[in-house]
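Residue numbers (this note's numbering): 6 to 397.
Report on one structure; see the data block that follows.
Set out below in structure tokens:
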């Protein structure tokens with residue numbers, strides 16, 4: 006009855022972990038969930054008020070497939086102000102979250118047999134979306150000894166005549182690391198050589214960065230890539246608006262037009278009220294966003310220091326996001342477990358802490374934890390993991 010592509014498709018591992026933790030809680034278990042990639046802060050009040058105002062004004066009908074004029078103007082202004090990138094309305098598409106932006110892109114550009122190079126460790130949904138479009142994900146991984154950052158030489162070696170696009174994400178989900186300006190320029194130089202290759206830069210965690218260098222994506226540092234780069238972003242993480250489901254893409258008009266065509270035959274426009282809220286967010290100041298960033302940085306410092314006190318774990322300092330991606334192969338061996346999937350299950354069952362196994366992100370031997378939860382929960386979680394594994 007089911008199609009081959011659906012039979013091969015695996016559910017999102019991050020959503021599965023969150024659901025499993027919820028089920029155990031419902032059964033009376035004391036579970037601390039560190040699996041969800043979702044800020045624990047409420048959506049700022051002025052943004053919620055923007056949605057209420059839109060409801061009261063009757064903005065409850067269909068909008069243009071690619072987004073309201075107000076929201077597209079706000080996106081264009083944001084990209085000019087923050088990223089020094091110039092776009093016209095026909096170069097912008099608003100979708101139901103960043104995930105739909107990437108899904109639309111894959112459906113618009115990928116033919117069977119096309120390769121998409123993905124810099125890993127990667128966000129869990131990239132390979133699945135490529136495969137659903139009939140393409141072949143080509144993962145280029147960098148481990149902890151490379152700071153989880155793929156080198157220019159690795160990228161160059163991965164590109165073939167079949168390569169249609171390269172996906173990169175910085176700051177990174179799941180690692181919390183960010184490519185430096187020099188590293189991005191080096192990747193950009195490689196991409197400039199391969200003129201048949203499109204570039205998709207996932208900037209979803211742009212405001213949650215605390216390196217000495219300000220945020221930059223590969224296009225900002227290599228403007229020559231403008232005609233073949235898609236800038237992907239959204240309001241979900243930056244403004245704690247995950248449930249509002251608004252993402253956006255900006256890039257070459259021809260590709261945006263094709264992505265719009267895909268969206269017109271699937272979801273059509275994102276919710277009108279969510280678009281009004283997103284416009285309010287982008288038009289406002291970043292005071293609440295900066296508060297969240299500062300809180301995440303404090304939590305990162307605490308969590309990473311605690312992880313490095315625990316036997317068999319090694320965690321790198323964070324550059325941003327709200328994730329840490331500890332190496333746990335020594336702990337796996339010490340416990341006599343087969344892999345990181347069993348390790349994550351062991352933490353859930355024995356310590357009551359839910360994390361996501363690294364293999365979900367293309368990196369066996371690691372696990373991802375989110376510190377987008379209260380300091381109290383983080384202290385309890387680190388205590389439980391330390392009690393289970395032992396401390397150095």
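Virtual Cβ for every residue (Gly too), placed ideally from N, Cα, C.
Could you compute how far the alpha carbon of residue i sits from the alpha carbon of residue j?
{"i": "residue 108", "j": "residue 75", "result": "24 Å"}
{"i": "residue 314", "j": "residue 337", "result": "16 Å"}
{"i": "residue 303", "j": "residue 190", "result": "30 Å"}
{"i": "residue 385", "j": "residue 395", "result": "15 Å"}
{"i": "residue 169", "j": "residue 115", "result": "7 Å"}
{"i": "residue 61", "j": "residue 199", "result": "51 Å"}
{"i": "residue 47", "j": "residue 6", "result": "42 Å"}
{"i": "residue 265", "j": "residue 99", "result": "9 Å"}
{"i": "residue 362", "j": "residue 296", "result": "29 Å"}
List the endpoints of the continuous beta strand (DSSP E) containing residue i.
{"i": "residue 146", "result": "141 to 146"}
{"i": "residue 319", "result": "Counting along the chain, residue 319 falls outside any beta strand (DSSP E), and DSSP gives it neither H nor E."}
{"i": "residue 373", "result": "372 to 375"}
{"i": "residue 123", "result": "120 to 125"}
{"i": "residue 98", "result": "97 to 100"}
Return the bridge partner residues of residue i from the DSSP annotation.
{"i": "residue 174", "result": "207"}
{"i": "residue 237", "result": "207 and 254"}
{"i": "residue 199", "result": "DSSP, once it has assigned bridges, lists no residue as partnering residue 199."}
{"i": "residue 359", "result": "38"}
{"i": "residue 168", "result": "120"}
{"i": "residue 214", "result": "325"}
{"i": "residue 315", "result": "396"}
For the alpha helix (DSSP H) that residue i lies in, which residues bound it at each end?
{"i": "residue 23", "result": "18 to 31"}
{"i": "residue 303", "result": "292 to 312"}
{"i": "residue 111", "result": "103 to 114"}
{"i": "residue 391", "result": "380 to 394"}
{"i": "residue 55", "result": "50 to 61"}
{"i": "residue 83", "result": "74 to 88"}
{"i": "residue 332", "result": "Looking at the DSSP string, residue 332 is not in any alpha helix (DSSP H), and its letter there is neither H nor E."}
{"i": "residue 179", "result": "That residue, residue 179, is in no alpha helix (DSSP H); it is neither H nor E in DSSP."}
As a quick exercise: from the options, pick the residue whose alpha carbon is nearest that of residue i.
{"i": "residue 252", "options": "181, 237, 300 and 224", "result": "237"}
{"i": "residue 360", "options": "70, 19 and 278", "result": "19"}
{"i": "residue 112", "options": "363, 219 and 263", "result": "263"}
{"i": "residue 260", "options": "301, 58, 57 and 71", "result": "71"}
{"i": "residue 353", "options": "187, 28, 244 and 12", "result": "28"}
{"i": "residue 102", "options": "258, 250, 368 and 356", "result": "250"}
{"i": "residue 365", "options": "133, 267, 270 and 197", "result": "133"}
{"i": "residue 135", "options": "329, 14 and 32", "result": "14"}
(request) Indicate whether the contact test is met: 3 or more Cβ pairs, each with one atom in the stretch 222 to 233 and one in the stretch 31 to 42, closer than 8 Å. (result) No contact exists between the stretch 222 to 233 and the stretch 31 to 42.
(message) Closer than 8 Å is the cut-off here; do at least three beta carbon pairs connect the stretch 315 to 331 with the stretch 212 to 221?
(response) yes
(request) Decide if the stretch 372 to 385 is in contact with the stretch 329 to 345; the criterion is three or more beta carbon pairs, one per stretch, under 8 Å apart. (result) The stretch 372 to 385 makes contact with the stretch 329 to 345; the number of CB pairs closer than 8 Å reaches 3 or more.
(message) Tell me whether the stretch 160 to 179 and the stretch 115 to 126 touch, counting them as touching only if at least three CB pairs, one residue from each stretch, are closer than 8 Å.
(response) Two segments are said to touch when three or more pairs of C-beta atoms, one from each, lie closer than 8 Å; by this definition the stretch 160 to 179 touches the stretch 115 to 126.
(request) Evaluate the contact criterion for the stretch 177 to 188 versus the stretch 216 to 226: three or more CB pairs, one atom per stretch, below 8 Å. (result) Result yes; three or more Cβ-Cβ pairs closer than 8 Å.
(request) Determine contact between the stretch 285 to 294 and the stretch 238 to 245, defined as no fewer than three beta-carbon pairs at a distance below 8 Å. (result) Touching, yes, given that three or more Cβ pairs across the two stretches are closer than 8 Å.
(message) With three or more beta-carbon pairs closer than 8 Å as the criterion, would you say the stretch 117 to 131 touches the stretch 140 to 155?
(response) yes
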